[in-house]
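What follows is one structure encoded as structure tokens, with my remarks underneath.
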Amino acid sequence: MSLQNTQSLTADAAGIATAAELLRQGLLVAFPTETVYGLGADARNGEAVAAIYAAKGRPSFNPLIAHVASVEAAQRHVEWSDQAQQLADAFWPGPLTLVLPLRAGHGVSSLVTAGLDTLAVRVPAHPTAQALLRAVDGPVAAPSANPSGRISPTTAAHVREGLDGRIAAILDDGPCAVGLESTIVGLAGTPALLRPGGVTAEQIEYVLGTKLSHHKPGDLLTAPGQLQSHYAPDAPVRLNAEQRRGDEVLLGFGPVACDLNLSERGDLLEAAANLFAYLHELDKSGRPIAVSPIPGHGLGVAINDRLRRAAAPRNS
Ligand code: TXA
Ligand code: MG
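Residue 272 in UniProt numbering is what sits at position 272 of the sequence shown, and the numbering runs on without skipping anything.
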């Protein structure tokens, strides 16, 4: 990851237009929401999303929230439902994230969903976030704008302390009002509280007219990348493979003869962007999957973490 000059942008029309342009170019921009500052990237651009992990130094791939300007924008990416509409009517724009099934032609990078068949979507209420999302006119993936393992940022100064030189710009609009991440509700199956937040479970249950199932702490979101439904290929996976054995398909890295190459030029950003999509693709062959060695530095840490999970013995 290269050091860069992190611009400070004022949250006026010019600053928002510049931030939107940087995002469209595939660069990272931190922006205010009513909960915390988010570290944004164009959710349709896998390499831009991979750069989020590099900038945060995150050692594993967690699915990310896609931020959009409106219900109509959300509906381009997920299968909408009556329950989603009820919650959106009550709490959007605002600090509530809904996890819904991806819809065909959703256009979102598989690095945003970490290979899941669901997508977390949120319409933030912050006027600057709203204006930015309308200007980008596309989904913006954004975790909190802090280095991995550090406290979530609620001011532009916090963002600069943690990420100065690692991102293109910070859109500064003062402190965040809520200061706590959004409540996450899963609607892909039985309605479930996936992460508590500013909107309470009681408020959500009142609107839905039904109880939420709760995940025990440690079940899900406290164990990054260990979501129960997390994608693992059906086929066995063999790591650090120099070449194919038997009827294996080879997922390559660097200048090797293989079935699909994560990055011929050995670029970890490109490899991260391709990882989940290529695993899905090779899994369709019904043959065992061998994977080239991936360097263990930078984004390679997260890539190898995910590959080890994919190669681990299955529970079921
Ligand atoms: O308030 C917020 O939600 C902030 C601001 C920036 O919007 N964002 C935020 O993102 O907190 P992050 O990446 O720190 O948390 C996203 C959480 C993760 O714990 C992830 O596991 C969960 O959302 N998540 C994302 N997609 C999911 C999915 N498809 N299924 C289940 N959980 C998902
Ligand atoms: Mg966070």
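Positions of the beta carbon are idealized from the N, C-alpha and C atoms, including for glycine. Computed from a prediction, not measured in an experiment: that's the story for all the values here.
Three-state class that DSSP yields for residue i in the structure shown
i: A11; result: coil
i: P127; result: helix
i: D82; result: helix
i: D305; result: helix
i: A41; result: strand
i: residue 319; result: With the chain represented from 1 up to 316, any question about residue 319 goes unanswered, as that position is not in the structure.
i: V49; result: helix
i: N5; result: coil
i: D283; result: helix
i: P217; result: The predicted position of P217 is uncertain, since its pLDDT is 46 and thus under 50; a value taken from the coordinates is nonetheless stated next. Here P217 sits in coil by DSSP.
i: residue 335; result: What the structure shows of the chain is the stretch from 1 to 316, and residue 335 is not part of that stretch, so it cannot be assessed.
i: G162; result: helix
Given residue i as reference, the closest of the options once Cα atoms are compared
i: C258; options: E242, L268, A273; result: E242
i: L275; options: A232, R122, I16; result: A232
i: R306; options: R287, K284, D283, A272; result: A272
i: S144; options: S81, S182, A88, G198; result: S182
i: L3; options: A90, G189, L28; result: L28
i: A90; options: R58, Q203, A50, A104; result: Q203
i: L269; options: L282, G298, P255, G246; result: G298
i: D117; options: A188, Q75, A129; result: A188
i: K284; options: R150, E248, V136, P59; result: E248
i: L208; options: L111, T128, D12, A88; result: A88
i: V121; options: S152, S148, Q85; result: Q85
Alpha carbon of residue i to alpha carbon of residue j, nearest angstrom
i: G296; j: G107; result: 30 Å
i: A141; j: L39; result: 8 Å
i: Y53; j: Q83; result: 32 Å
i: A114; j: S8; result: 30 Å
i: S81; j: N62; result: 25 Å
i: A310; j: G174; result: 42 Å
i: P191; j: T33; result: 25 Å
i: T154; j: I289; result: 43 Å
i: Q25; j: F31; result: 16 Å
i: I303; j: N45; result: 17 Å
i: A312; j: V301; result: 16 Å
Residue i Cβ short of 7 Å to ligand 1 heavy atom set
i: R306; result: no
i: E79; result: no
i: L64; result: yes
i: A142; result: yes
i: T118; result: yes
i: I151; result: no
i: I289; result: no
i: G57; result: no
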